[in-house]
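For the sequence shown, our numbering begins at 13 and goes up steadily by one.
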Amino acid sequence: MSQDRQTPVPAVAIIGVGPRGLTVLERLVALAAKRFAGTVGASRSAADATTETALTIHLIDPYPPGAGIVWRTDQPESLLMNTTIAEQTVFPDSSCSFLGPDEAPTGPSMAEWYLANGGTEPLHSTFPSRSLYGRYLRDAYQRIREGAPDFIEIVEHSTKAESVIDLPAMDLPRSVAESSRATVLEQLVRCQNGTTIVASAVVLAVGHIPSAQPEERARLAAFAELCGGLYLPQGLPAETPVTEVAPGERVIVRGMGLNYFDLQTLFTHERGGRFEPESGGRLRYVPSGDEPRLALGSRRGIPYRSKPICREHPRRDWPLRYFTKDNIALLAGLENLDGERKAGARFNDQLWPLILADLRLAYYHTLSQVRPEAFADDPGQLREAIGEAVSRHLTRRTWQETHPQSGEVGAGEARTAASARAAASATAATSAARTTSATTTSSAARAASATTTEDAARPGRVTREAFAWSEIEEALVPDPADRMSLHTLLNPLEGELFTSREPGEAGSLHEWMLDFLRTDLRSSLAGPTGSPEKALFTVLWQSRLLLKELIVAGHIDRVSIDMEILGWFEGFVSGICDGPPPQRIAELIALAEAGIVSFIGPDMRIEESPDALREVEEAPEAEAENTSSGIAARPDRVEGPTAEAQGLTNEAQGPRPEIFTVTSAQAAGAITGSVVIDAASPTNSVSRAADVLLYGMLERGQLTAARLTLDDGREKFLNGLALTSRPYRTIDVEGNVHPRRFALSIQLSSKQWGLAIAANPGTNAATLNDSHAAAEAILDLL
């Protein structure tokens, strides 16, 4: 690049420099190093002691580059990731399609980095601390920065970006104009600390952002402030002010996902408690006395299933036999999925039956290995039935063949009906594993061919083989407890009623939960080859990876993605694949046995205590005026910096009143508490963005939420931004594409699925391809 002295140096601003922003930096540096190397060197005179800058990259993030806020290196070592050391990378490897055959990786995966730094734990079964991953990201950033050629300048800005605006077009000198850069639409980035940055291109990689509170949560927060309780909203556990919770206080926790397990650690291990190993892999909790009392609940009433591990060898993935690209192409009437024509597949009708077949095959294969006595006859008959059912399924191709009504009108009616059923998709999809029939048979051929022509024409063929499958499954696996039931796996509490929550009482929710958690822990420790339930993990994990690839490539119908994959399958997969490490389940069991943790039950309902409401209504008018202006009703509570400066704690100020009541329709009685913590992960919907930057850009119309036209013609706003296809340029409210503004990270949810999952080594990771495409597009503009 021959650079005129009067020409401004091209600049790129990356806003948000966590793992996603870091991969954009890596690609920009790697590509610019090759693209500008010869031209920059040729422009230097022998007497010139300095290298001309060909590109400036501004990194804008209040937290350290690489680790960002989520993976800060100063958070407690006891906070763990829910993926293993072997499953992380920010550098491209030989699997990445954009690397040439002679191109070497620019840096190590986390596993390679860990071993090079003296790590000794098993790579495929060790769940590292969040701070360890943060150190990997920090070192990756330093490697990228130190390896950048002198003509690339990297500038850090430890602040937040608050706005991005377009500057008037700038005319460049003729010599540059002749090389097609006659006009550059520069952008001005204003930062919280007063810094302003002029950039030729801007990348939004802001990741998880704060969201506006829904009405119910805002009401709970206001009630807590009014009555002297405490409400802690959704957020990163390491950023949650858990020190405000006093020892012995009853804390109602809503959500039993990964955020909860981080909070569990902060309230126990980080307060001086310790877990002591006992025989059989069990733990015993020795309390410090500083713990609060935790009451746990969620919509399903149980945590996600814990991740399986196998200490003897790396996890061996079950190969997908039926949910394959070849079969998807066959369903779509295509030779392969590499051409211009897209499959347009519908998930429920076309793809789910293939995944279900793989799940059944993996489950019963593993069952035959670990408990062959569970079968009344040759389990090979199950494999025959599965294979025959898939063969018949593959004869169905296009949407019209799936729904053989006459003409386009019939197809349109079928699509409308499918949309109306979307809310019940999860039940419909999993009912294939639990439908029963009074008639049994030992003939696999009869079972596989039992579907009628009338059944085959029914819209939404999700459970077509349900009755036929049920016959052979019941005949070959007599004990219902040994059969695969996806519904029971995800909703084991459905239909259960408990007259007690108390420990030690027969039939109590507490004892049921302990049995459930112990069983899940045993299965996790047995691993995918030793537990039929955990064998499902490997199938769903790989199916999710393939689905992500198909979505990026445009092979799945957009309505089906939103109404079916996001509508039910995402939660289904998360319940089985996205749980905590087994260690966390063992700790939860120990805490429940020690009386630190109790259980609320499913479909929990949090309400204001009637007594507390009555006290508020009877309070003097003057006190009401104080509280309405934001002053807490409790005179003994010290707020703000004064309390912190004096070292006062809630314990010193006295216990809070138990102003909240929580109930479950499936467990008798109620639990009261003084603190409510919403531990569920935020939705990351841009329409609820409370982030100054994104909120402002949305308000000004520079960005807009993506829209989807449903089968019945209605429009629906999606959680992610409106963007072009890769390299994901932003689209404003008028539908105009900004040629020099890009968005990656969580806000890509309108284009991709499973964005919270980091790049996995050896998988041609979509996130690395995204960053490469954005970097190429940016450099082509400069």
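Just so you know, even glycine gets a beta-carbon here, dropped at the ideal spot from N, CA and C.
Owing to the predicted nature of the structure, the values given are computational and were not obtained by experimental measurement.
Between which residues of its own chain and residue i is the CB-CB distance below 8 Å, once the five residues before and five after are set aside?
| i | result |
| --- | --- |
| Ala795 | Residue coverage of the chain in this structure runs from 13 to 794, which leaves residue 795 outside it and unanswerable. |
| Leu533 | Gly293, Ser318, Pro594, Ile597, Ala598, Ile601 |
| Ser761 | Asn696, Leu730, Asn731, Gly732, Leu767 |
| Ile27 | Gly33, Ile72, Asp73, Ala173, Val176, Val201, Val214, Val215, Leu216, Ala217, Val218, Leu705 |
Let me know the secondary structure DSSP gives residue i once reduced to three states.
| i | result |
| --- | --- |
| Arg333 | coil |
| Val745 | coil |
| Ala123 | helix |
| Pro180 | coil |
| Ile209 | strand |
| Ala160 | coil |
| Arg495 | coil |
| Lys728 | strand |
| Gly293 | helix |
| Glu227 | helix |
| Ser143 | helix |
| Thr138 | coil |
| Val798 | Given a span of 13 to 794 for the chain in the structure shown, any question on residue 798 remains unanswerable. |
| Ser693 | coil |
| Ser610 | strand |
| Val628 | helix |
| Val257 | coil |
| Phe235 | helix |
| Ser175 | strand |
| Ala386 | helix |
| Arg283 | helix |
| Ala771 | coil |
Skipping 5 residues on each side, what residues in its chain have a beta carbon closer than 6 Å to that of residue i?
| i | result |
| --- | --- |
| Ala771 | Thr101, Ala777, Thr779, Leu780 |
| Gly126 | The sequence as given places Tyr at residue 126; Gly does not occur at that position. Within the same chain, Tyr126 has close Cβ partners Ile97. |
| Pro77 | Val29, Leu71, Tyr153 |
| Ala468 | Confidence at Ala468 is low in this model, with a pLDDT of 34, below 50, so its placement is unreliable and no value can be given for it. |
| Lys172 | Pro74, Gln204 |
| Lys337 | Leu349 |
| Pro140 | Met93, Ile97 |
| Asp574 | Leu720 |
| His281 | Ser90 |
Only counting the same chain, and skipping five residues up and downstream in sequence, which positions put a Cβ closer than 7 Å to that of residue i?
| i | result |
| --- | --- |
| Leu43 | Ala787, Glu788, Leu791 |
| Ser380 | Phe387, Pro391 |
| Arg372 | Ile398, Met496 |
The alpha helix (DSSP H) that contains residue i, what's its start and end?
| i | result |
| --- | --- |
| Phe279 | 270–279 |
| Pro563 | Contrary to the premise, residue 563 reads as Ile rather than Pro in this sequence. Here the alpha helix (DSSP H) through Ile563 covers 544–564. |
| Arg534 | 521–538 |
| Thr68 | Taken as a continuous stretch (DSSP letters only), Thr68 belongs to no alpha helix (DSSP H), being part of the beta strand (DSSP E) at 67–72. |
| Gly399 | 392–405 |
| Leu706 | 704–711 |
| Leu600 | 594–605 |
| Val29 | No alpha helix (DSSP H) holds Val29; DSSP gives it neither H nor E. |
What span of residues does the beta strand (DSSP E) with residue i cover, start to end?
| i | result |
| --- | --- |
| Gln87 | Gln87 -> no beta strand (DSSP E), and no H or E assigned at all. |
| Gly587 | Note, Gly587: premise wrong, no beta strand (DSSP E); alpha helix (DSSP H) at 582–589. |
| Ile264 | 262–266 |
| Gln199 | 199–203 |
| Ser676 | 672–676 |
| Tyr243 | 242–244 |
| Ser783 | Note, Ser783: premise wrong, no beta strand (DSSP E); alpha helix (DSSP H) at 778–793. |
| Asp690 | 687–690 |
| Ile618 | 617–620 |
| Leu488 | No beta strand (DSSP E) holds Leu488; the alpha helix (DSSP H) holding it covers 478–488. |
| Thr721 | 717–721 |
I'd like to confirm something about residue i: is its beta-carbon nearer than 7 Å to some heavy atom of the ligand ADP, or not?
| i | result |
| --- | --- |
| Pro622 | Absence of the ligand ADP from the depicted structure is noted, as is the absence of any ligand whatsoever, leaving it without description. |
Around the Cβ of residue i, are there at least 16 other Cβ atoms within 10 angstroms (buried) or fewer (exposed)?
| i | result |
| --- | --- |
| Gly507 | exposed |
| Glu619 | exposed |
| Gly241 | buried |
| Asn503 | buried |
| Asn748 | exposed |
| Asp590 | buried |
| Ser69 | Checking the sequence, you will find Ile at residue 69 rather than Ser. So Ile69 ends up on the buried side. |
| Ala677 | exposed |
Next on the checklist: Closer than 8 Å is the cut-off here; do at least three beta carbon pairs connect the stretch 219–230 with the stretch 695–703?
Outcome noted: Contact between the stretch 219–230 and the stretch 695–703 is present, with at least three C-beta pairs closer than 8 Å.
Checklist entry - For the stretch 603–618 against the stretch 289–300, are there 3 or more C-beta pairs whose distance is under 8 Å? => result Segments in contact, yes.
Checklist entry - Taking three-plus beta-carbon pairs below 8 Å as touching, is the stretch 165–179 in contact with the stretch 128–135? => result As far as the Cβ criterion goes, the stretch 165–179 does not touch the stretch 128–135, which means the pair count is below three.
Checklist entry - Should the stretch 740–752 be called in touch with the stretch 711–719, which here means at least 3 C-beta pairs below 8 Å? => result The stretch 740–752, when compared against the stretch 711–719, does touch it at the 8 Å Cβ threshold.
Item to check | Stretch pair the stretch 281–289 + the stretch 329–338: three plus CB contacts closer than 8 Å | outcome: No, they do not touch.
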